[in-house]
Amino acid sequence: MVNSCTGKMGHATAEAVVRAGLQLVPLSFTGASEAVAVGNVGVAGIPVELIAPEERQAAMERVKAQYPGLVLIDFTLPSVVNDNVEFYAHNGVPFVVGTTGGDREKLLADAQSAGCYAVIAPQMGKQVVAFQAAMEILAQNFPGAFSGYKLEVTESHQRQKADTSGTAKAIVSSFGKLGTPIQEADIEKVRDAPTQMDRMGVPEEHLGGHAFHTYRLTSPDGDVEFVFQHNVCGRTIYAEGTVDAALFLAKKVSQKSEKRIFDMIDVLREGSMR
Ligand SMILES: NC(=O)C1=CN([C@@H]2O[C@H](COP(=O)(O)OP(=O)(O)OC[C@H]3O[C@@H](n4cnc5c(N)ncnc54)[C@H](O)[C@@H]3O)[C@@H](O)[C@H]2O)C=CC1
Ligand SMILES: O=C(O)C1=N[C@H](C(=O)O)C[C@H](O)C1
Numbered sequence: 002m003v004n005s006c007t008g009k010m011g012h013a014t015a016e017a018v019v020r021a022g023l024q025l026v027p028l029s030f031t032g033a034s035e036a037v038a039v040g041n042v043g044v045a046g047i048p049v050e051l052i053a054p055e056e057r058q059a060a061m062e063r064v065k066a067q068y069p070g071l072v073l074i075d076f077t078l079p080s081v082v083n084d085n086v087e088f089y090a091h092n093g094v095p096f097v098v099g100t101t102g103g104d105r106e107k108l109l110a111d112a113q114s115a116g117c118y119a120v121i122a123p124q125m126g127k128q129v130v131a132f133q134a135a136m137e138i139l140a141q142n143f144p145g146a147f148s149g150y151k152l153e154v155t156e157s158h159q160r161q162k163a164d165t166s167g168t169a170k171a172i173v174s175s176f177g178k179l180g181t182p183i184q185e186a187d188i189e190k191v192r193d194a195p196t197q198m199d200r201m202g203v204p205e206e207h208l209g210g211h212a213f214h215t216y217r218l219t220s221p222d223g224d225v226e227f228v229f230q231h232n233v234c235g236r237t238i239y240a241e242g243t244v245d246a247a248l249f250l251a252k253k254v255s256q257k258s259e260k261r262i263f264d265m266i267d268v269l270r271e272g273s274m275r
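Heads up: the sequence shown begins at 2 in the working numbering, then just goes up one per residue.
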C-alpha cells in the first residue's frame with residue numbers, strides 16, 4: 002500500500018510495485034483536500050481510492066483484514082511523516098518510510114516502541130545507498146582523515162522540496178567523523194531553475210524531479226581538492242529501491258527477525274537490492 006499515490010514519489014513507487022508483479026492495495030492515504038477533490042488516481046490502469054486522514058482508521062482495518070502480507074510505503078511530506086508513522090505504529094503494520102524530514106528521532110522511537118518492522122531511510126536508490134555506505138565505512142575506518150579540510154555541500158532539487166536533503170544530511174554526518182563537521186544550515190539548497198540549469202547542469206526536462214549533490218573538500222593550503230558528486234534525474238532509481246525495501250521487510254516479518262528496524266544500508270548489505 003503506497004501513501005500517497007497522488008505525490009510524485011508515491012505514484013512512481015506504486016507503478017514500480019505493479020511492474021514488479023506485486024499486488025498494489027487499491028487505497029492510498031492522502032491529504033484531506035486531494036481525497037475530496039480528486040477521489041481516486043490511476044496507477045498503471047488500477048483505480049486507487051484516496052483516503053482522507055479522518056477516514057484512515059476505518060480503511061486501515063479493512064486493508065489489514067483483506068491483505069495479510071501487507072507492507073505500507075510512505076512518501077508524503079516532512080510535515081505529516083511523524084503523524085503517519087505514529088498511525089502505522091499504533092496499527093502494528095510493517096512499513097517503509099522514504100519521506101524525509103520531520104522529527105527523525107521521534108520517528109525511530111515510535112517505530113521501536115511499538116515493536117514494528119520498518120525500513121526508514123532518506124535515500125532508496127541502490128547506487129546512492131552504496132555511496133552513502135562507503136562514506137560511512139571510510140569514516141569508521143579513518144576517523145579524522147580530512148581534519149583541517151573545508152567541506153562545501155550543495156544540493157539541488159525540484160522547487161517544491163521544502164526540506165534540506167535527508168541524503169545530504171546523512172553524508173554530512175559521515176564527513177563530520179572524517180574531520181570536517183558542518184551544520185545543516187551550511188548545506189546550500191538550490192531550488193531556482195536558472196541556477197539549477199546554468200550552474201548545476203540540470204537538464205530542463207528534469208527541473209520538476211532531480212537530485213544533484215556535490216560534496217567538495219579543500220585542503221587548508223588549497224593544493225588538494227576532492228569532489229564527490231551524485232546526480233539523479235527522475236524517480237525510477239528510488240521507486241525500484243523502495244520495492245526492494247518492501248520485499249526485504251516482508252521477508253523479515255515472515256522470518257520473525259529479532260531485529261525489526263532497518264535502513265537501506267541493511268537492505269543493500271543483505272544483497273536484497275536488484
Ligand atoms: N528516500 C528517498 O529515496 C526519496 C525520498 N523522497 C522524499 O519523499 C517525500 C515525498 O516527495 P514527493 O513525492 O516528491 O512529494 P510530493 O509533494 O509530490 O508528494 C507528497 C504527497 O503527500 C500527500 N500528503 C499530504 N498530506 C498527507 C497526509 N496527511 N497523508 C498522506 N499523504 C499526504 C500530498 O497530497 C502529496 O501527494 C519527500 O520527503 C522527499 O524528500 C523523494 C525522493 C526519494
Ligand atoms: O525530494 C527528493 O526529490 C529527494 N529526496 C531525498 C533527500 O531528501 O535526500 C532523496 C533524493 O535526494 C531525492
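Glycine residues also receive a C-beta, built at the ideal position from the N, C-alpha and C atoms.
Query - Inter-residue CB distance, GLU125 and MET265 (contact presumed, cutoff 8 angstroms) - result: The sequence shown places Met at residue 125, rather than the Glu named in the question. MET125 to MET265, Cβ: 6 angstroms. Contact.
Query raised in the report: Can you list the alpha helix (DSSP H) stretches of 4 or more residues lying completely in the stretch 129-214, in chain order?
Result: Runs found: 167-178, 194-199.
Query raised in the report: Just curious, the alpha helix (DSSP H) that LEU250 is in, first and last residue?
Result: LEU250 -> alpha helix (DSSP H) spans 237-255.
Query raised in the report: Given a threshold of 16 other Cβ atoms within 10 Å of its Cβ, counted over all protein chains shown, does ASN142 qualify as buried or as exposed?
Result: Answer is exposed; the Cβ neighbour count stays below 16.
Query raised in the report: Since GLY43 sits in a beta bridge, which residues does DSSP pair it with?
Result: PRO48.
Requested in this report: Out of ALA60, LYS65, ARG105, state which residue places its alpha-carbon closest to the alpha-carbon of SER80.
Outcome: When ALA60, LYS65, ARG105 are compared, the shortest CA-CA separation from SER80 is found for ARG105.
Query raised in the report: Any heavy atom of ligand 1 within a distance shorter than 8 angstroms of the CB on MET136?
Result: If you check the C-beta of MET136 against ligand 1, you find no heavy atom less than 8 angstroms away.
Query raised in the report: Which of the three DSSP states, helix, strand or coil, is assigned to PHE30?
Result: In the structure shown, PHE30 sits in a strand (DSSP, three-state: E or B).
Requested in this report: Would you verify that the beta carbon of ILE52 is, or is not, closer than 9 angstroms to some beta carbon of chain D?
Outcome: No chain D appears in this structure, which consists of one protein chain only.
**Report entry** CA-to-CA distance, VAL64 to GLU56, given in whole angstroms
**Finding:** Pairing GLU56 with VAL64, the inter-Cα distance amounts to about 13 angstroms.
Query raised in the report: Per DSSP, GLU87 forms a beta bridge with which residues?
Result: Per DSSP, GLU87 has no beta bridge partner at all.
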